[in-house]
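Below is one structure; the comments refer to it alone.
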Amino acid sequence: MSLRSLINLRIVFSVVFILLLGGATAVWQARQSVEREVQSSINLALQMIEFGFAQVPLSSRYGSEWLPQISALQQTRHLHISISENGVKPTKFITQRIVDEARNEPPQWFIDLVRARHFTEKYDVSMADGTVKTILITADPMDEITEAWGESQAFFWSIVAMSVIMFLAINLVFNAVLRAVKTILSGLQQVEDGHYGLALPRFKIKEFDAIALEVNEMSSSLKAAQKNNQALARHTMHIQESERQTMSRELHDEMGQSLTAIKAMAVTSKQASADIPSIADSIITVCNHLSIVVRSMMRTLHPLSLAELGLRATLSDLISEWQRRTSDLMIDLDYDDQLERLNNEVTIHVYRIVQECLTNVVRHAKATHVSILLEKRGDTVWMSVSDNGVGGQMGQQGFGVLGMRERAQNLGGKFLFESVDNEGVNVIVQLPYIEKKR
Ligand SMILES: Nc1ncnc2c1ncn2[C@@H]1O[C@H](COP(=O)(O)OP(=O)(O)OP(=O)(O)O)[C@@H](O)[C@H]1O
Ligand SMILES: [Mg+2]
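Letter 320 of the sequence shown, counting from 1, is numbered 320 in UniProt numbering, and no numbers are missing.
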């Protein structure tokens with residue numbers, strides 16, 4: 001069921017409920033007031049009759065001369081007054097209900113609901129000739145019921161009018177809400193299709209405006225992330241290409257040259273006059289050189305020692321290498337031995353991040369001191385590399401910081417780059433602590 005039908009259904013239910021409740025209350029109130037009004041009219045009539053006869057001496061009560069005493073009661077509403085003689089059926093009617101044809105007569109069901117019990121009061125009058133006439137006062141609540149019917153109708157129509165106004169007002173608001181929801185939905189669909197440049201318009205309704213702002217922010221973050229990813233992908237391909245070039249140059253320059261030299265020496269050694277020991281010495285020298293070249297190429301491709309020696313030894317090796325190259329830089333390593341049990345995937349990320357941080361310090365920081373902290377904190381590997389250099393902002397050009405952030409996020413970790421001018425940079429990374437299988 002659509003939201004609109006649901007709201008309309010609720011409104012109809014509420015209106016019906018209000019009408020039923022209001023109708024029951026109106027009937028109950030009408031019933032009370034009819035009863036009160038009728039009773040008070042009867043009481044008034046009785047008092048007037050009593051008072052009237054107190055003024056007429058018994059000797060004057062004959063014929064119909066006494067009738068004018070109570071004729072004043074003709075004006076009293078809701079009453080039928082009749083006279084019966086010695087218990088016989090009423091004969092004379094002093095007051096009659098005048099039915100106004102133009103009046104809005106209530107329907108029978110309403111009369112049945114509102115009509116109170118039937119009131120009749122008797123008043124016996126002794127006459128001069130010894131007879132007793134009985135004045136019967138019967139209540140007729142029709143006037144009151146007609147009045148209550150008019151009020152109930154007014155109540156009903158005012159509720160209907162209010163409901164129509166409420167219905168229109170809610171539907172107007174609802175149309176605005178639906179328009180906003182549709183716009184936001186189509187915006188989200190565009191984001192889903194990868195169109196991150198979208199900007200939703202501002203809305204007058206505060207809540208939707210807040211959602212639109214959030215969607216716009218989300219789509220611009222996704223756009224930035226997409227841009228970074230594309231740049232990283234291009235950078236990775238570029239690195240791959242340049243590594244292949246370096247590799248092929250090294251193979252060509254070092255291996256090719258050395259192999260040619262070895263071959264030439266082998267050919268020379270075949271001659272009778274060849275100085276075999278010196279040729280062998282030369283081959284040994286060339287082979288030693290080759291093994292250094294091959295090791296260096298392999299270290300560039302993958303730090304094999306990580307698997308062989310462990311993270312601590314490989315990091316110490318890296319640190320010694322940097323200290324050898326930059327003698328005025330002090331590097332501290334605070335290492336938690338539990339990290340030796342880290343699995344290979346996380347270990348290589350930890351190593352690469354420390355490697356990039358140290359490269360950045362040497363390249364950008366002009367620092368004299370770097371502290372590296374690596375420890376297990378709960379379920380995470382906590383890393384911090386802080387220097388006392390000049391500080392600096394993550395530029396648009398570099399890929400080292402982006403790469404570190406990617407590594408952390410790909411593993412479900414966190415990355416933070418904090419820099420204070422002339423105090424240095426602190427890189428904090430949290431990675432999940434995953435132990436290697438035994
Ligand atoms: N330790 C640091 N001290 C000062 N500035 C730093 C430090 N680390 C990073 N930066 C700043 O952050 C920028 C981005 O670093 P990033 O490693 O992403 O790029 P890069 O080192 O310039 O290039 P590359 O892509 O080769 O790593 C640097 O250009 C530098 O301005
Ligand atoms: Mg860098």
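Just so it is clear, CB atoms sit at the ideal spot from N, CA and C, and this is done for glycine as well.
When the Cα atoms are used, Ser-220 and Val-370 turn out to be separated by approximately 36 Å.
The C-alpha of Leu-309 lies about 22 Å from the C-alpha of Val-385. For the stretch 355-437, the full-length alpha helix (DSSP H) segments reaching 4 residues or more read 400-410 along the chain. Around ligand 2, the residues selected by a Cβ distance under 6 Å to any of its heavy atoms are Glu-356, Thr-359, Asn-360, Gly-398 and Gly-400, following chain order. If you draw a 10 Å sphere on the C-beta of His-302, you find fewer than 16 other C-beta atoms in it, and that means exposed. With a threshold of 16 other beta carbon atoms within 10 Å, Gln-430 meets it and is buried. If you draw a straight line from the Cα of Tyr-433 to the Cα of Leu-416, it comes to about 18 Å.
Close CB contacts of Lys-204 within its chain, under the 8 Å cut and outside five residues either way in sequence, are with Ala-176 (chain order). For Thr-246, the enclosing alpha helix (DSSP H) begins and ends at 206-250. Under the DSSP assignment, His-80 falls in the beta strand (DSSP E) whose first and last residues are 79-85. Going by DSSP, Lys-182 is part of the alpha helix (DSSP H) stretching over 142-192. Boundaries of the alpha helix (DSSP H) around Met-297: 276-301. Under DSSP, Ser-126 forms a beta bridge with Val-132.
Using a 10 angstroms sphere on the CB of His-349, the tally of other CB atoms reaches 16 or more, which defines it as buried. Note on geometry: alpha-carbon atoms of Glu-254 and Val-215 lie some 57 Å from one another.
Classified as buried, Ile-353 has 16 or more neighbouring CB atoms from the shown chains inside 10 Å of its CB. According to the DSSP assignment, Met-255 belongs to no beta strand (DSSP E), since it is labelled neither H nor E. If you look at Met-48, you'll find it isn't in any beta strand (DSSP E); it sits in the alpha helix (DSSP H) that goes 3-55.
Less than 8 Å separates the beta-carbon of Val-390 from that of Asn-422. About 10 Å separates the Cβ atoms of Ile-276 and Met-265, ruling out a contact at the 8 Å cut-off. Gly-52 and Ala-24 have their C-alpha atoms some 42 Å from each other. Going by DSSP, Leu-333 is part of the beta strand (DSSP E) stretching over 330-335. The residue from Thr-268, Asp-129, Ala-231 and Ala-199 with its alpha-carbon nearest to that of Met-218 is Ala-199. Beta bridge pairing from DSSP links Ala-139 with Leu-79.
The beta carbon of Arg-4 sits no closer than 7 Å to any heavy atom of ligand 1. Note on geometry: alpha-carbon atoms of Arg-363 and Asn-229 lie some 24 Å from one another. Here the stretch 13-22 lies against the stretch 158-167, with 3 or more beta-carbon pairs under 8 Å apart. Cα atoms of Ser-33 and Phe-208: separation of roughly 52 Å, rounded to the nearest angstrom. Collapsing the DSSP output to three states places Thr-120 in a strand. If you compare the alpha carbons of Ser-126, Glu-321 and Glu-37 with that of Asp-143, the shortest gap goes to Glu-37. For the set Thr-138, Asp-328 and Asn-360, the Cα lying nearest the Cα of Phe-399 is the one of Asn-360. Counting C-beta atoms within 10 angstroms of its own C-beta, Arg-244 has fewer than 16 neighbours from the protein chains shown and is therefore classed as exposed.
At least one heavy atom of ligand 1 lies less than 7 Å from the C-beta of Gln-393.
Ser-60 is positioned such that its CB atom lies closer than 8 Å to that of Ala-128. Secondary structure note for Ser-273: it is in no alpha helix (DSSP H), with a DSSP letter that is neither H nor E.
For the pair Gln-190 and Leu-178, the Cα-to-Cα distance works out to about 18 Å.
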